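Engineer: Heads up, the sequence shown is in our numbering, so the first residue is 55 and it goes up one at a time. I am attaching a structure below and will ask some questions about it afterwards.
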Amino acid sequence: MPDLPELSRDELQRYARHLSVPGVGIEGQRRLKASSVLMIGTGGLGSPAALYLAAAGVGRIGLIDPDSVDRSNLHRQILHGESWVGKSKLESAAARLREVNPHVELELLPIRFTPENALELVARYDVVLDGCDNFPTRFLSNDACFFQKKPCVYGSIFRFDGQVTVFAPHLGGPCYRCMLPSLPAPGSAPSCEEAGVLGVLPGVIGSLQAMETIKLLLGIGEPPLGKLLCYDALATSFRSLRLRRDPACRLCGDKPSIHSVSNPETNASTSCEVPGSETPEISVADLAARIDAGEDLFILDVRQPEEEAEGMIPGAVLIPLPTLPDHLAEIPADREILVHCRSGGRSARAVKFLRESGIPQAVNVAGGINAWNALGR
Ligand SMILES: [Zn+2]
């Protein structure tokens, strides 16, 4: 590898514990120095990821974040501190990262990631680490990475649950749109940072994203292509769900209809909504008691089929939320319908839709399968 940069004396000292790791060594460390990562966001996921990537000696890190530091972010955005509240997140990040490793070149991009700049930005880096907290940006990073043939390291969090994978159809496996074909409508989102998050959770998930990024840059191990790693902090469990490439995917499928990056279609907002208190609810404990009592219940599961690996409520009928309007005839209008999803967001949306569609006894199962699993049945 004659064109890889040399390491200075200081760097050899700094990375000494890397140099003895099989698969890293001097070659790998030089490879890291020659590599570049674009980080979208310096928030909960981006904070630990940026710290570890800088400390590991990734040569060039681009940081996109137009926002300023907010005190309510500090419980999870460990890149930033009290003295930076109200100031630029990028300046804050740069000050901390330079302290962590002065050998890393930082590119500060105090801009929004938009369809106008996405392709050009992604092209300049080897890997994209998506640490954003909204669906439109995830679609955009997925699409831009697809067109530029760059791996997109995905992470998402919700309260006690996190997910990690790598989308890189040019290396194999699906893209983000194979998993989520279209932008969720407002209120239907299964996860959302704004809905509350335990601060350490993005620490776990962001660190996993950093690990997958380093693996990709070094070319070691197996990237989780077609594999969604799901972390459940309450159950202390990691599970892998298989993600398949969708031949009908509008981006990476056999007959694609998306040929350039654009603003994500539909009217979805960038922030998530939490089910309102006006949604009629039943607790999983009450539901379990009624099942145990032998009641004949109509339980409707509105998750995607692949989510069944996360657990199922016995007897539930699966009709994914996007297909619900086509299956209304299968849902009795004269009895109680108990609707659940993963955590309660999509099912709340389904309940609202069913009630508006002449099924007045639709009820949301609070907390969804996550809460059900927590019962330990
Ligand atoms: Zn796809």
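Ideal placement from N, C-alpha and C gives every residue a C-beta, glycine not left out. Only a predicted model underlies this, so the values are computations on that prediction, with no experimental measurement involved.
Using the Cα positions of Leu-378 and Ala-404, report the straight-line distance between them to the nearest angstrom.
Structural biologist: One C-alpha to the other measures close to 8 Å.
Engineer: Got a sec? Which residues, its chain only, sit under 8 Å from Glu-384 by beta carbon, not counting five neighbours each side?
Structural biologist: Answer for Glu-384: Val-371, Ile-373, listed in chain order.
Engineer: For Leu-58, which residues from the same chain have a beta carbon less than 8 Å from its beta carbon, with the 5 sequence-adjacent residues on both sides left out?
Structural biologist: Around Leu-58: Glu-81, Arg-84, Arg-85, Lys-87, Ala-88.
Engineer: Round the Cβ separation of Ala-363 and Leu-271 to the nearest angstrom and send it over; I've been treating them as touching at under 8 Å.
Structural biologist: The pair is not a contact, with the Cβ atoms about 30 Å apart (cut-off 8 Å).
Engineer: Would you mind giving the Cβ-Cβ distance between Ala-222 and Leu-279, rounded to the nearest angstrom? I have them listed as a contact below 8 Å.
Structural biologist: Indeed they touch by this definition, with Cβ atoms about 6 Å apart.
Engineer: Take Ala-172 as the anchor and find which of Val-220, Thr-267, Ile-118, Gly-430 has the nearest alpha-carbon.
Structural biologist: Nearest option by C-alpha distance: Ile-118.
Engineer: In this structure, what does DSSP give as the bridge partners for Ser-90?
Structural biologist: Partner(s): Arg-114.
Engineer: Exposed or buried, what is His-72 when buried is set at 16 or more other beta-carbons lying within 10 Å of its beta-carbon?
Structural biologist: So His-72 ends up on the buried side.
Engineer: If we ignore side chains and look at the alpha-carbon of each, how far apart do His-291 and Asn-427 end up?
Structural biologist: For the sequence presented, residue 291 should be read as Ser rather than His. Cα to Cα, the separation comes out at about 12 Å.
Engineer: For a test of the three-state rule: what should DSSP assign to Asn-427, helix, strand or coil?
Structural biologist: Helix.
Engineer: Given 6 Å as the limit, tell me if Leu-255 has its C-beta closer than that to any heavy atom belonging to ligand 1.
Structural biologist: No - ligand 1 has no heavy atom lying nearer than 6 Å to the Cβ of Leu-255.
Engineer: With a threshold of 8 Å, are at least 3 pairs of Cβ atoms found where one atom belongs to the stretch 391-400 and the other to the stretch 409-422?
Structural biologist: Contact between the stretch 391-400 and the stretch 409-422 is present, because at least three Cβ pairs lie under 8 Å.
Engineer: Using only CA atoms, which one of Tyr-230, Asn-127, Ile-115, Pro-256 lies nearest to Leu-175?
Structural biologist: With distances taken between Cα atoms, Leu-175 lies closest to Ile-115.
Engineer: Measure the beta-carbon distance from Leu-183 to Met-265 and round it to whole angstroms, keeping in mind my assumption that it falls under 8 Å.
Structural biologist: So it is not a contact: roughly 11 Å between Cβ atoms.
Engineer: Let me know the secondary structure DSSP gives Ala-416 once reduced to three states.
Structural biologist: Three-state result, Ala-416: strand.
Engineer: Between which two residues does the alpha helix (DSSP H) containing Cys-199 stretch?
Structural biologist: 189-202 is the span of the alpha helix (DSSP H), which, as asked, contains Cys-199.
Engineer: Would DSSP call Leu-58 helix, strand or coil?
Structural biologist: Note: Leu-58 maps to coil in three-state DSSP.
Engineer: Let me know the secondary structure DSSP gives Gly-209 once reduced to three states.
Structural biologist: Gly-209: strand per DSSP, three-state reduction.
Engineer: Could you compute how far the alpha carbon of Ser-101 sits from the alpha carbon of Pro-205?
Structural biologist: Each residue's alpha carbon lies about 20 Å from the other.
Engineer: Express the C-alpha separation of Pro-368 and Arg-298 in angstroms, rounding to a whole number.
Structural biologist: Looking at the two C-alpha atoms, the distance is approximately 26 Å.
Engineer: Mind checking Ser-245: buried by the 16 CB within 10 Å criterion, or exposed?
Structural biologist: Residue confidence for Ser-245 is low, a pLDDT of 44 falling below 50, so the modelled location carries little weight; the figure read from the coordinates is stated next. So Ser-245 ends up on the buried side.
Engineer: What does Gln-432 pair with, by DSSP beta-bridge criteria?
Structural biologist: Examination of residue 432 is not possible in this model, given that the chain is present from 55 through 431 alone.
Engineer: For Pro-169, verify whether its CB is less than 6 Å away from any heavy atom of ligand 1.
Structural biologist: The answer is no for Pro-169.
Engineer: Please report how far the alpha carbon of Phe-167 lies from the alpha carbon of Leu-341, in whole angstroms.
Structural biologist: Going by the C-alpha atoms only, they are around 44 Å apart.
Engineer: Would you list the residues sitting across from Arg-296 in a DSSP beta bridge?
Structural biologist: Looking at the DSSP assignment, Arg-296 forms a beta bridge with Lys-281.
Engineer: For Pro-501 and Val-315, what's the separation of their Cα atoms in angstroms?
Structural biologist: Any property of residue 501 remains undetermined from this structure, which presents the chain solely from 55 to 431.
Engineer: Shorter than 6 Å, the distance from the beta carbon of Cys-303 to the closest heavy atom of ligand 1, or not?
Structural biologist: At least one heavy atom of ligand 1 is nearer than 6 Å to the Cβ of Cys-303, so yes.
Engineer: Check Ser-291 in the structure and name its three-state DSSP category.
Structural biologist: Correct three-state label for Ser-291: strand.
Engineer: Hey, quick one: how far does the alpha helix (DSSP H) through Glu-159 stretch, first residue to last?
Structural biologist: Unbroken run through Glu-159 is the beta strand (DSSP E), 159-163; no alpha helix (DSSP H).
Engineer: Are Val-181 and Gln-263 close, meaning C-beta to C-beta below 7 Å?
Structural biologist: Against a cut-off of 7 Å, the Cβ pair of Gln-263 and Val-181 comes out as no contact.
Engineer: Alpha carbon to alpha carbon, how far is Asn-155 from Val-123?
Structural biologist: Approximately 22 Å between the Cα atoms of the pair.
Engineer: Please identify the residue among Ala-149, Lys-203, Gln-415, Gly-98 whose C-alpha is closest to the C-alpha of His-129.
Structural biologist: Of the listed residues, the one whose Cα sits closest to His-129 is Gly-98.
Engineer: Assign Gly-412 to buried or exposed, taking buried as 16 or more other Cβ atoms, counted over all protein chains shown, within 10 Å of its Cβ.
Structural biologist: It counts as exposed.
Engineer: Hey, is Cys-284 close to ligand 1, as in C-beta under 6 Å from one of its heavy atoms?
Structural biologist: Not under cutoff, so the answer is no.
Engineer: Just checking: is the beta-carbon of Ala-172 within a distance shorter than 7 Å of some beta-carbon in chain C?
Structural biologist: Any reference to chain C falls outside this structure, which holds one protein chain only.
Engineer: With respect to 6 Å, is the separation between the Cβ of Cys-199 and the closest non-hydrogen atom of ligand 1 below this value?
Structural biologist: No, Cβ of Cys-199 sits at least 6 Å from all heavy atoms of ligand 1.
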